[in-house]
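2 protein chains.
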Amino acid sequence: MDKVTGIQFESLATIGPTGISRALSYAHENRAAFIRELMDFIRFPSVSAGNYGAVSKCAEWLARHLNHIGMERVSVIPTKRHPIVYAEKANSPGQATVLFYGHYDVQPAGRHDAWQTPPFEPVVRGDSLYGRGASDDKGQLFTHVKAIESFLRSSGKLPVNVKCIFEGEEEIGSPNLGQFLLNNRALLASDMALISDTSMPTPDKPAITCSLRGALGIDLEVSGPAHDIHSGIFGGAVRNPLHVLCGIIACLHDKTGRVAIPGFYDSVIEWSRQARDYMAKTGPSDETILKNAGARTGWGEEGYTLYERSTLRPSLSVTAITSGTDTARGANAIPASAHANLDIRLVPNQRSDEIGRIFHNYVHAVTPRSVRTAIRIRTAAKPAVTSVSHPGVQAAGKAYRLGFGKRPVFLLSGGTIPVVSMFKDMLGIETALMGFALPDDGKHGPNEKLYLPNFFKGIDTIIHFLGTLAIHNRNDDGRRDDH
Amino acid sequence: MDKVTGIQFESLATIGPTGISRALSYAHENRAAFIRELMDFIRFPSVSAGNYGAVSKCAEWLARHLNHIGMERVSVIPTKRHPIVYAEKANSPGQATVLFYGHYDVQPAGRHDAWQTPPFEPVVRGDSLYGRGASDDKGQLFTHVKAIESFLRSSGKLPVNVKCIFEGEEEIGSPNLGQFLLNNRALLASDMALISDTSMPTPDKPAITCSLRGALGIDLEVSGPAHDIHSGIFGGAVRNPLHVLCGIIACLHDKTGRVAIPGFYDSVIEWSRQARDYMAKTGPSDETILKNAGARTGWGEEGYTLYERSTLRPSLSVTAITSGTDTARGANAIPASAHANLDIRLVPNQRSDEIGRIFHNYVHAVTPRSVRTAIRIRTAAKPAVTSVSHPGVQAAGKAYRLGFGKRPVFLLSGGTIPVVSMFKDMLGIETALMGFALPDDGKHGPNEKLYLPNFFKGIDTIIHFLGTLAIHNRNDDGRRDDH
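Line by line, the protein sequences are chains G and E.
Residue numbering for the first sequence follows the numbering used here, beginning at 772 and increasing consecutively.
Residue numbering for the second sequence follows the numbering used here, beginning at 772 and increasing consecutively.
And the structure:
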């Protein structure tokens, strides 16, 4: 089965409305257990940028759990770094096949003192569950797992064929996923993919994400003296790599907030007035974005709303600076080298190789000759835009209406999910991005949370999605789910 | 004894040339033991910027050692942070009294992988002893201790009265030393101070340091969003505190390498042509300084040699940048805040409060309104210039001729020893700076070393210094030790 097929909406439905009702009842009756299990899942400090052991243990737990709920061919598949967990329930040859993707790895927790409660000791406070990975992505991945469980435990089968790949390297740029997909195209052949790793604007405003930015992770290093040197003995006589690095970073943007690298915007597509009007009508306001960021004022490219600046437009962020052989604050030393991590977010039709090239040329041009610079491309992921008229996306829209009681909006995200463009390029399938996180969930920051009503409605929505795919893409209310 | 007296060069010498010879013989016979003991001393990771325990244990070891060699009134005196070790042998009321100062704390070792051998496992390779603190300042402090021991073990007494204070907070700016000096002026009353915590240009070019720069340690923090935020979701729409911090740092110097803060140079004294000629004749060349720094080209204020830029002229160095709640390289986050450590080196007649004030005003003026800055003065130490005609400095010159066989040069140092100006202001005494380190010793960097021939000659030189002070300031060769 090398060639993937179109979605089989006309195929025989093995589970009808009664099966969906049974699955929903099961999900509603088992909410307390679902939270307990999710807390077990969050307790693993599966930081992909950190040590191998904790990530691997988390993968094993997830595999056992998938086996326990009745999934088949469950396996923990090693990669060069962190393993991929595979599972399937795909023994209805006439049915559509959905490829579920999620990631069980998490961002580093950061300084634990910024957390109200420890990041890997999940607790429920109010309506939310707090812990690293609560929403990004363990909680959302769990909506898939619990929707599957609800069908399997109530009817013994799923409405459609399901294959799951749960990755352990998303937060470090999915370095080994592409090769895995290429090596396993037959195993993974599906009609569409489903990912829950995005957000909705507010709890009563469900959303399907139809655009993601790409990401280009760059390490920039400036080297000066052969070793760290005493800042008293040599201060004023030898060029300091940290000063040079700051000078380079200071000229990456102009005063208006535009990226100053010549050519950076050359291949950026301009969106239609119609699309921007839809964004203005349906998307977050500047005020909402600032509130979510905890910032007082906006910044960036003139002529665009904050929503547009962070989705339609590319961006460049320095995310960390380190220096020397010693980063201790007590050291009075001019460091031998200074290092910056840059995170460039790409939009169509920017190409990561081209942007990497002009970045390199620009840095070279502005670097004084008394130091050396080195540039390393750490990660590269393409931007991805999903067609809103895709039947799987339409089915997702219907599922939201049933799960949340509201028609979803189509949202653009500034974030990156590398696998979306990989699925398109390597497996030839589109992805429905059905996110249940909220903008104030604190993804990548301290006190990350999952809003539990969204977790429960998310499970219902995935149940409806699978049911809808199997029954037909007919709209019960006679309207089409477009915008 | 509140008022300190002048040096009693005419007082009765209790130890004559024979006593000096005996002390030298003892020192020469016990070199192997001296190295073993110094290695024990270096094994304590007495990082004052680090944890309390290791520093305190090192103080206790040093106190036991001083007691063991025959010093009196040995005590470990607590401060708010790290203790001061006091000892004396001061029971000859008619004799001059010398206050020995050294510090047993060390800089952080930095990344251990930059060291050829672990920083706190000292080893002898070739002619040098490697380990953190080998030259800064444990090895040099030990020249005092071993010179004292050599007299006490060979003659049972010292040529002059000696008081020792060995500090545990020099590398963090001596925050509690001033109060200790003020509280103990009677106990510490002396005729002059002796410090070995400076360098000589080459092993055959002994030097007395006659000028030190002051130091002003500043923490600069830029705060933006209320918490770390996802650099994909918000990148391009919210101002990044790291970008702002880099922009501020980039405009602290102009393109020529001069500090760009208005008024920074206003009170800097200009040195005479004569003094600068002496420096050109006796001090390190640009090439030597670059070799010691491991740098290819010089940098800084036009119109001054590298030696002058790093001694006569003030400097401003950023020594570290940190950011956000998470400094892990894997985190794709715009940090809530970014922090820089600055090390400003002051020269006469710059005042730290005035420089702090204009720094504050300048940063305020160049900071965009969408972020907040906070500035904290971490440490402040005055510059210090010692008169080369002071009789104690002249005695030091003679001791070098006897210990190294060469007339010493007078050197200016870009470094800071906060206690020198404190001794002048609080105890009313001048300090002879008799340093035995070498410029390539790697102070504050990895692979710090002590050149052992200098260690041995340093001990001999201190023995001669104490003997010379006691005998008379007569020059055996009829020449005066000036330049």
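Backbone N, C-alpha and C fix where the C-beta goes; we use that ideal spot for every residue, glycine too.
Treat the numbers as computed from the prediction; the structure is a model and nothing was measured.
What residue does the alpha helix (DSSP H) around residue i start on, and which one ends it?
{"i": "E:H1014", "result": "1012-1021"}
{"i": "G:A803", "result": "802-814"}
{"i": "E:D999", "result": "Where E:D999 is concerned, there is no enclosing alpha helix (DSSP H), given that its DSSP letter is neither H nor E."}
{"i": "G:N742", "result": "The first residue shown for chain G is 772 and the last is 1254, placing residue 742 of chain G beyond what the model contains."}
{"i": "E:G949", "result": "948-954"}
Count the other CB atoms, across all protein chains shown, that sit within 10 Å of the CB of residue i; report buried if there are 16 or more and exposed otherwise.
{"i": "E:R835", "result": "exposed"}
{"i": "E:T973", "result": "exposed"}
{"i": "E:L837", "result": "buried"}
{"i": "G:G865", "result": "exposed"}
{"i": "E:K1177", "result": "exposed"}
{"i": "E:H1135", "result": "exposed"}
{"i": "G:H998", "result": "buried"}
{"i": "G:R984", "result": "buried"}
{"i": "G:E831", "result": "exposed"}
{"i": "G:G1101", "result": "For G:G1101, the predicted model reports a pLDDT of 48, less than 50, meaning its position is unreliable and no value from the coordinates is stated."}
{"i": "G:G787", "result": "exposed"}
Just tell me which of the options has its CA closest to the CA of residue i.
{"i": "E:S1002", "options": "G:L1016, G:A986, G:A997", "result": "G:A986"}
{"i": "G:I848", "options": "G:L833, G:A861, G:I840", "result": "G:L833"}
{"i": "E:E1073", "options": "E:G995, E:S967, E:T1027", "result": "E:T1027"}
{"i": "G:R1122", "options": "G:E1079, G:Y1171, G:Y1078, G:V1039", "result": "G:V1039"}
{"i": "G:I806", "options": "G:I1129, G:A1151, G:F1035, G:L900", "result": "G:L900"}
{"i": "E:V1180", "options": "E:K934, E:A1051, E:R924, E:D876", "result": "E:A1051"}
{"i": "E:S827", "options": "E:A1091, E:H853, E:I813, E:R896", "result": "E:H853"}
{"i": "E:V933", "options": "E:A918, E:P1033, E:E859, E:V1191", "result": "E:E859"}
{"i": "G:I936", "options": "G:L959, G:T914, G:F922", "result": "G:L959"}
{"i": "G:I791", "options": "G:R1029, G:K1062, G:L929, G:Q878", "result": "G:L929"}
{"i": "G:V1190", "options": "G:G944, G:A804, G:Y857", "result": "G:G944"}
{"i": "G:I1146", "options": "G:A1111, G:M971, G:A803", "result": "G:A1111"}
{"i": "G:I1129", "options": "G:A861, G:I989, G:Q878", "result": "G:I989"}
{"i": "G:G1007", "options": "E:N1103, E:R1116, E:F1035", "result": "E:R1116"}
Checking contacts by CB at 8 Å: is residue i closer than that to chain B?
{"i": "E:E1072", "result": "The structure shown contains no chain B; its protein chains are G and E."}
Helix, strand or coil for residue i per DSSP?
{"i": "E:S1342", "result": "There is no way to answer for residue 1342 of chain E, as the model of chain E reaches only from 772 to 1254."}
{"i": "E:A986", "result": "strand"}
{"i": "E:R835", "result": "helix"}
{"i": "G:K1026", "result": "coil"}
{"i": "E:M1205", "result": "strand"}
{"i": "E:F913", "result": "helix"}
{"i": "E:L929", "result": "coil"}
{"i": "G:D898", "result": "coil"}
{"i": "E:S1184", "result": "coil"}
{"i": "E:H745", "result": "The question about residue 745 of chain E has no answer here: the residues shown for chain E are numbered 772 through 1254."}
{"i": "G:S1094", "result": "strand"}
Closer than 7 Å by beta-carbon distance: list the chain G residues that pair up with residue i, in chain order.
{"i": "E:G1011", "result": "It should be pointed out that residue 1011 of chain E corresponds to Asn in this sequence rather than to Gly. Correct list: S1088, V1089."}
{"i": "E:I1020", "result": "H1014, C1017"}
{"i": "E:P996", "result": "A1064, G1065, A1066"}
{"i": "E:A986", "result": "G1003"}
What are the start and end residues of the beta strand (DSSP E) that includes residue i?
{"i": "G:G881", "result": "Premise fails: G:G881 is in no beta strand (DSSP E) and is neither H nor E."}
{"i": "G:L1083", "result": "It is not in any beta strand (DSSP E) - G:L1083 carries neither H nor E in the DSSP assignment."}
{"i": "G:V1190", "result": "Unbroken run through G:V1190 is the alpha helix (DSSP H), 1189-1193; no beta strand (DSSP E)."}
{"i": "E:K976", "result": "It is not in any beta strand (DSSP E) - E:K976 carries neither H nor E in the DSSP assignment."}
{"i": "G:A1111", "result": "1108-1117"}
{"i": "G:R1067", "result": "Looking at the DSSP string, G:R1067 is not in any beta strand (DSSP E), and its letter there is neither H nor E."}
Mind listing the chain E neighbours of residue i? Cutoff is C-beta to C-beta under 7 Å, in chain order.
{"i": "G:N1103", "result": "T1090, D1114, H1215"}
{"i": "G:I1060", "result": "A1008"}
{"i": "G:R1080", "result": "G1007, A1008"}
{"i": "G:Q911", "result": "Going along chain E, no residue has its Cβ under 7 Å from G:Q911, so there is no contact; the nearest lies around 15 Å."}
Verify the contact flag: residue i, CB atom, against every heavy atom of the ligand MN, threshold strictly below 7 Å.
{"i": "G:L1113", "result": "For the structure depicted, the ligand MN is absent and the ligand set is empty, with no information on it obtainable."}
So which residues of chain E does residue i contact, with C-beta pairs closer than 9 Å?
{"i": "G:D999", "result": "G881, A885, G1213, H1215, G1216, P1217"}
{"i": "G:T1187", "result": "G1003, N1103"}
{"i": "G:L1077", "result": "F1005, G1007, A1008, V1009"}
{"i": "G:G1176", "result": "Within 9 Å Cβ-Cβ: nothing; G:G1176 doesn't reach chain E, min ~26 Å."}
Listing by chain order, which chain G residues have their CB less than 9 Å from the CB of residue i?
{"i": "E:G897", "result": "The contacting residues do not exist; E:G897 stays about 18 Å from chain G at best."}
Listing by chain order, which chain G residues have their CB less than 8 Å from the CB of residue i?
{"i": "E:H1024", "result": "H1014"}
Which residues of chain E have a Cβ atom closer than 8 Å to the Cβ of residue i, listed in chain order?
{"i": "G:R1084", "result": "G1007"}
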